[in-house]
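Everything below concerns the one structure shown next.
Protein chains: 2
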Amino acid sequence: MTTIKEVAQLANVSVATVSRVINKVDNVSYLTKERVEKAIEELHYKPNDVARTLFQGNSNMVALFVPDITNPYYPELARAIEDVMNQHGLTFILCNTDDSYEKEQTYLKNLEQKKIDGIIMSSSSISKQDAKRISAPIVTLDRKVGMDLPSVTVDNYKGACQAMEHLRNIGCRRIAHIRGPLRDKNAGERLEGFLDMVKDENWFDSTYVQSGEYSYETAVQATFELLKKNPEVDGVFVANDLMAAGVLKAAIEMKKIIPDDMAVISFDGINLSKTTIPTLSTMAQPIYEMGSTAANMIIEQLKEPSKKIKSKVFDTELMERQSTRREDTVL
Amino acid sequence: MTTIKEVAQLANVSVATVSRVINKVDNVSYLTKERVEKAIEELHYKPNDVARTLFQGNSNMVALFVPDITNPYYPELARAIEDVMNQHGLTFILCNTDDSYEKEQTYLKNLEQKKIDGIIMSSSSISKQDAKRISAPIVTLDRKVGMDLPSVTVDNYKGACQAMEHLRNIGCRRIAHIRGPLRDKNAGERLEGFLDMVKDENWFDSTYVQSGEYSYETAVQATFELLKKNPEVDGVFVANDLMAAGVLKAAIEMKKIIPDDMAVISFDGINLSKTTIPTLSTMAQPIYEMGSTAANMIIEQLKEPSKKIKSKVFDTELMERQSTRREDTVL
DNA sequence: TTGAAAGCGCTAACAG
DNA sequence: CTGTTAGCGCTTTCAA
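Protein chains in written order, with my numbering: chain A, 19 to 349; chain B, 19 to 349.
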């Protein structure tokens, strides 16, 4: 790689002048500017970003922490963030944490050493403490931890209630829930929405809630369990789309016709929900928008470090698809 | 952030000594070493990676270029690579290129300025020329461009032939193909495998090949088209899993029973293929292994820059699932 | 308008 | 075993 020095020599100026031309700061006479530009061209000179970073103390890199990029909820989020970063000339780093606090801490340390400019994380374990030790701004996404850190989330409770209402509207009377993992706050809020809608029903008991781990396989099992105990269930609210695909699978195997015997609605609105058979009704999160919002929060913070950014809560939107579309519904 | 200098002062040694302790090079007397370590502890000192990079000329960062991370084939690849990088203390950068040569070039330039150590790319457009201009080693993954660059791929032709044989074995007589985009070499090879198996059949003509763009929606359309022209088709080989999901959808809408009326087999073996109804038979690529192989190639190259690394071609594996299993029909 | 020089934080000779 | 020093490539005073 050619350096600023070589450019300076060829153009017969000092490195300072070359620097001025590159960064378009200060005044440089038209003639020398031309000379420098020609030299840059000739040598295919590209400034060494590392040297710049060392001097300026920031790397123009932003990281995203996700539990696991192979979970289909995250790629769209990642894509949105990368798009925004790209627009602003920032480099995007992806970190899979496997929800491990240790891994998170290791990444945090490494990135700090690299002078990372900002971090967006989908994490349940990061604390305000940890965040404070890092000089880069941090925004949490999808998950909220405490009230301290700025966050981008959806209203899980409200979404859950709407999902339940929808099931009611199409005539479901015995509604069950496949919930997400115990440790996940989102799963808890969705459960709460469900409970508030059914807890006073005389038929309701805890066997109407089965626990999955947000995965396809666990949901298949949970559904078998559910339908064995409560074969009369005619509607299920599932905590995420991936599990809903498992519910469909189990239901088919148990000869349930969907939605006629049993309607299914889930949560997230990932692409998968459009490709299942039947297609899945779901409370869709504005995933791409959430990602770009979080990214823009970081950018804001980079521009104006003093400015406090406020958290944003998005609403989910009911996508009514085949899994709840009963042709002739009787209310 | 505290610097090496401050540590040196507190420990009452020179910065060189601190550096020696950090990097465990040269001999440092036990006592001074203790003192330095205490100072490091006390000040929570973490070496500035940027300064190191500037000095050493390498950043310990590796990038992956993918067309689009929201395409479900790539996250698993990305995950594998990140895992390997992580194991080796390397930082992982993700770049979505949208298959745009321009975007690729921009990324390449930016990463070079950041002293990127290596690049893994799933690209159709990168040329040996481009690669040569970059000092970092480059490995291509999933796609091969010319013979020049080391690559990790699968034997598409062979996989396609095996898929066709499988369809034949279960009794299919009129087999059609939904092919991938014209520009994609993999799609071309899969098509060729298909053609070589059917081109001599007297029933065969070009209407048995419909073109999709690797996406769900295009495949739905392509399948309608296909079945309108050739309703007697009793088996389809689809160029990727995502499209196969679309084929299932269209088939169902046209009242085709799968696999009895029409069997379906596809290519890739992404998770989606396990969750469709019916589950998809597919020629599975060892996706994770391919990713980690490419990552390890880069690591090899980093250790021994002179060593030529040779390309690797993986075989696909037939996953026999419901969409070709005629004894237990689902829908 | 331009150049000289200091320094960002670190490592690696080279001395001692 | 340890310290001094010269960079890595860049930006930014400070003078001229």
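Glycine included, each C-beta is placed from N, C-alpha and C at the ideal position.
The alpha-carbon of A/Leu28 is positioned some 17 Å away from that of A/Val46. Within the segment 103–134 of chain A, contact with chain B at the beta-carbon level (separation under 9 Å) is assigned to Asn104, Gly107, Thr109, Phe110, Ile111, Leu112, Cys113, Asn114, Lys121, Thr124, Tyr125, Lys127, Asn128, Leu129, Glu130, Gln131, Lys132, Lys133.
If you look at B/Ala194, you'll find it in the beta strand (DSSP E) that goes 193–197. Between A/Val54 and A/Val31, the beta carbon gap of about 6 Å places them in contact (Cβ cut-off 8 Å). Nearest to A/Arg191 by C-alpha distance, out of A/Asp166, A/Asn220, A/Thr171, is A/Asn220. Contact between A/Gly287 and A/Leu95 is ruled out by a C-beta separation of about 12 Å, above the 8 Å threshold.
The beta-bridge partner set that DSSP reports for A/Phe242 is empty. B/Lys132: not part of any alpha helix (DSSP H); DSSP gives it neither H nor E. For B/Asn114, DSSP records a beta bridge to B/Val84. Secondary-structure assignment with DSSP links B/Gln228 through a beta bridge to B/Ile196. Below the 8 Å Cβ cutoff, chain B contributes Leu72 as neighbours of A/Ala69, in chain order.
Chain-ordered, the chain B residues with CB closer than 8 Å to the CB of A/Lys267 read Thr293, Ile295. By the CB criterion at 8 Å, A/Thr236 and A/Ala263 fall outside the cutoff. Here the alpha carbons of B/Ser153 and A/Asp116 stand approximately 33 Å from one another. Interface annotation for the segment 216–246 of chain A against chain B: Tyr234, criterion Cβ-Cβ distance under 8 Å. With at least 16 other beta carbons inside 10 angstroms of its own, A/Thr241 counts as buried. Sequence-ordered contacts of the segment 254–265 of chain B with chain A read Ala263 [C-beta pairs closer than 7 Å].
Counting along the chain, the unbroken beta strand (DSSP E) around A/Ile156 starts and ends at 156–159.
Distances from the alpha-carbon of B/Met79 to those of B/Asp148, B/Pro65, B/Val102 put B/Val102 closest.
In the DSSP assignment, A/Thr71 forms no beta bridge with any residue. For B/Lys274, the closest Cβ of chain A is not nearer than 8 Å.
From the listed residues B/Cys179, B/Ser324, B/Lys127, the smallest Cα separation to A/Lys64 is found for B/Lys127.
With respect to the 8 Å criterion, B/Val157 and B/Ile316 are classified as neighbours on the basis of their beta carbons. Annotation for A/Lys330: the continuous beta strand (DSSP E) segment containing it runs 330–332.
Between the segment 222–236 of chain B and the segment 182–202 of chain B, the count of C-beta pairs closer than 8 Å reaches three or more; the two stretches touch.
Its chain contains Thr20, Glu24, Val25, Leu28 as the residues whose beta carbon lies nearer than 8 Å to that of B/Leu61, once the 5 sequence neighbours on both sides are disregarded; these appear in chain order. Per DSSP, the continuous alpha helix (DSSP H) segment holding A/Met261 begins and ends at 259–271. With a contact defined as Cβ atoms closer than 8 Å, A/Arg208 and A/Phe285 qualify at about 6 Å. Residues of chain B with a Cβ closer than 7 Å to the Cβ of A/Asn66 are, in chain order, Gln131. Residues Ile196, Thr236, Ala237, Ala240, Met261 of the same chain have their beta carbon placed closer than 6 Å to that of A/Gly230, with the five preceding and five following residues left out of the count.
Spatial neighbours of B/Glu130 in its own chain (CB-CB distance under 6 Å, excluding positions within 5 residues in sequence) are listed in chain order as Ile152. Note that the C-beta distance between A/Ala312 and A/Ala257 is not below 8 Å. Pairing B/Cys113 with B/Lys42, the inter-Cα distance amounts to about 35 Å.
Residues of the segment 89–102 of chain A whose Cβ lies closer than 7 Å to any Cβ of chain B, in chain order: Pro90, Pro93, Glu94, Ala96, Arg97, Glu100. With respect to A/Ile134, A/Phe83 sits apart: the two C-beta atoms are not nearer than 8 Å. Listed in chain order, the positions of the segment 136–151 of chain A with a beta carbon within less than 9 Å of a beta carbon of chain B are Arg151.
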